[in-house]
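Enquirer: Quick one: this structure, given as structure tokens, is what I'll be asking you about.
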Amino acid sequence: MKLVTRKEWGARPVTSPASRNISPGKGGVTIHYEGSKLGDYSHDRCPEIVRNIQRFHIKGRGWADIAYCADAETEILTENGWRAHSALREGDLVLTLNHETGLAEWQPVLEVCVFGARDREMISMEGAGHSSLTTPDHRWPVERPGRRAAGGTGAAGGPPEAACGLDRRWATTETLGHRDRIPIAAPCADLPAEPKWSDSFVELVAWFWTRGRLVPGGGRGADVTVRRAAGRPGDADRIRAALHGVFGPPTPGSPREETGGEGAGGEGTGGEPPWREAIDGREFVFRLSADAGAVLAEQAPDLVPRHDFLRRLTPAQLRLFIDTSLRACDAGHGRLARESRAAAEAFQFAAILAGMNASLTRRAPTGAHADGQWTVRVRNRSRLAPRPAPGFTVRRVAHRGEVWCPRTPNQTWLARRRGTVYFTGNTAMVCRHGYTFEGRWLGRRTAANGTTAGNDDWYAVCALMGDGDKVTPEMLAGIRSTVEYLWSKGARDRVNGHRDHISTSCPGGALYKWVRAGMPADGDGEEDDMPHILSLTAGRDQSVAAKATESVEWHVEYDDTGEDHGKDGSSISVGESRWAICDALVKIRDVKPGDRVDIAWTRLQRDADKVVDEPWRLSVVAGPNGRVEASIGGQFNLDEKVRGRLRVINGNDYAVVVEKITLAKVALFKR
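Numbering (the UniProt record's numbering), first residue to last: 1 to 671.
Here is the structure:
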């Protein structure tokens, strides 16, 4: 073993007495990888890389640990709203920041890692518009004013920012400088360009959820009213115009019961639901029939806008929705107040998608609002200066509680703590040259394996590589010698991969295959009975035309241990007879409620598109929100003449969209 000691690579000292707690005689050694692609780095860079990695981890942890370093009070924004780490799952779609483009993007969670309560030193940043509690080595995407270079580029090491001359860099909590700015808002790159609904309908939903009243009693005769003070005739004109645009002219007298309208199949189909107008004291009252009210309530049930409705608005429609909601609520400039937390959070969600900073606070009860209110404050600020100032404190604190972090392709995620919102980072050592960098080392409890028993009973060894990096023979030899050394010092004679403890892609397909094969000295991890593993994600939305069948294209590849993902992007193609055990999570939108879409694991001829059979096919009915979410498994044989695909069969007379979060995992066993 070629050992580089902590002193030699410049490690920080271990400070936590609680770290000395391990019983490796029960477990063994677990293999990890760093996770981020590092490329063909030279050995003189290795100490610097290891020091940088250590900065991403809790003080006192060594090279084998991973930085799960936000406290349990910190939430993450998913496609369906805010979630605590306990409710987050691998594959959930969350909002991330592309730190190259500066735009927000929806991406799947690759891994959710949680570590139990213990004594830790953390850094608290608290002030107007921000609350975070992270480890000192927690990583942040930051923007920093840079000097212009020739040709309009930023400072050395940063990408060009033609618009504002900012360098996009990374910093840790304890290295944040006075020039660093943390992104707290970013326009979403995934908003649709073409509208699904008319602007009139979007504005009407905004008036409905803020000023609407649901008359109790239900039934076909139930009313939905939209009210506005008579002292605001301009608002009444806007409501009147929106109603006319969606439902047609008003009907005098009692509303009729008719169907149709924009929310029930499009404008002008099947008759238009009626509405009428009256003056009630100091208010304009716009009363809708039960059917007309149902059209609006479908997008804002119980006066809470649906997240999937908001996600499908164009950028201009989002601003229309936000501006109308603020105008209707009339809680002050840039403020919206609701008694319902769910309603306030939905509005905060809309503002975030529009690229605005939006914080959520609780108002104390008053005479008018005995239960208090939730206030959303919207600002056009996009950056925060995280430095001590009047009203903003930065201090080190002792903390005993769980810490956690998700892993995403962009290595970032949108966080919320105590109502304040900001983008933050996530992180993922034997180097590729075969040198072992001393970490926590002998007798110290790890925190990298993801479970209490795993951390208590197993040492951890981390390969300095990530997805897409080549596993070198020197690295394998270094890992093997390190594992054998740990075995000789009392660890049980067993080795496994991080994915054997929790659901994760770590330590990557090639390295895991080698570990499962028993770490052969020749570096060949292929065993006769070793399954090939594919883990794939669509990565892009894909349209399926009316009356058409399309194969799902897999644009993101997390694992492909046997190189069985076909060059066409859709196929699973093997070089010998293998039994495929498949599982896919398919998400499809733009399906009319009650309509069907079929999903099928399909076998096709290897050199043609001719279908051999559909061994596993599933027919799914869309729910009230027009979405299909289905899990489809399958088992079948593939060989040199037959390839496999996941296909979507759309028998409807309109197009549907397979969402980019669609996932597939396939194990291919040699027959």
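A virtual CB, placed ideally from N, CA and C, is assigned to each residue, including glycine.
1. What number of angstroms, rounded off, separates the C-alpha of A510 from the C-alpha of V471?
2. With DSSP as the reference, please indicate the residues paired to M125 in a beta bridge.
3. Between which two residues does the beta strand (DSSP E) carrying H333 extend?
4. Are C69 and H138 touching if we call contact CB-CB under 8 Å?
5. To the nearest angstrom, how far is the alpha carbon of I184 from that of V421?
6. Would R287 be called buried (16 or more neighbouring beta carbons within 10 Å of its own) or exposed?
7. Can you tell me whether DSSP reads Y459 as helix, strand or coil?
8. Report the CB separation of R578 from R671 in whole angstroms; it is logged as a contact under 8 Å.
9. Name the residue from A171, L191, P192 whose alpha carbon lies nearest to the alpha carbon of I182.
10. Counting only the same chain and skipping the five closest in sequence on each side, list residues whose C-beta sits under 7 Å from that of D190.
11. Do you know whose CA, among R227, A600, E298, T361, lies nearest P593's CA?
12. Can we say the stretch 225-239 touches the stretch 345-352, given the rule of at least three CB pairs closer than 8 Å?
13. Nearest CA to the CA of M122: which residue from V112, H333, L133?
14. May I ask which residues mark the beginning and end of the alpha helix (DSSP H) holding L511?
15. With DSSP collapsed to three states, give me the class of T314.
16. State buried or exposed for Y558, treating a residue as buried only when at least 16 other CB atoms are found within 10 Å of its CB.
17. Below 8 Å on the Cβ atoms is my contact criterion, and I expect I599 with V586 to pass it. Report the Cβ-Cβ distance as a whole number of Å.
18. Would you say A538 and V552 are within 8 Å of each other, going by their C-beta atoms?
19. May I have the straight-line CA-CA distance separating C113 from V403, to the nearest angstrom?
20. Can you name, in chain order, every residue of its own chain whose Cβ lies under 8 Å from the Cβ of G91, other than the five neighbours on each side?
21. When burial is assigned at 16 or more other CB atoms within 10 Å of the CB, is K610 buried or exposed?
22. For G497, which of G28, A622, W140 has the nearest alpha-carbon?
23. To which residues of the same chain is S325 closer than 7 Å at the C-beta, ignoring the five residues directly before and after it?
24. Please state the DSSP three-state secondary structure of A70.
25. N98 bridges to which residues according to DSSP?
26. Hey, does V304 have any beta-carbon neighbour from chain B nearer than 8 Å?
27. Could you check which residue in C405, N98, P233, P192 has the C-alpha nearest to that of S86?
28. Can you give the beta carbon distance from residue 756 to A186, rounded, assuming they're within the 8 Å contact cut?
29. Start and end of the beta strand (DSSP E) containing T78?
30. Going by other Cβ atoms of all chains shown within 10 Å of its Cβ, with 16 needed for buried, is I279 buried or exposed?
31. Between V142 and L204, is the Cβ-Cβ spacing less than 8 Å?
32. On a Cα-Cα basis, can you pick out the residue from K2, E8, T30 that is closest to R492?
33. Would you give the residue range spanned by the beta strand (DSSP E) that I599 belongs to?
34. Tell me whether the beta-carbon of D308 lies closer than 8 Å to the beta-carbon of N625.
35. Compare the C-alpha of P274 against each of L296, P520, K513 and name the closest.
Expert: In brief:
1. 7 Å
2. S132, V394
3. Looking at the DSSP string, H333 is not in any beta strand (DSSP E), and its letter there is neither H nor E.
4. yes
5. 6 Å
6. buried
7. strand
8. 6 Å
9. A171
10. E105, W106
11. E298
12. no
13. L133
14. 509-516
15. coil
16. buried
17. 5 Å
18. yes
19. 9 Å
20. P108, V109, L585, I661, L663
21. exposed
22. G28
23. A206, T210, L336, F347
24. strand
25. L103
26. Looking at the structure shown, chain B is missing, and only one protein chain is on hand.
27. C405
28. Since the first and last residues shown for the chain are 1 and 671, residue 756 lies out of range.
29. 75-78
30. exposed
31. no
32. T30
33. 596-605
34. yes
35. L296
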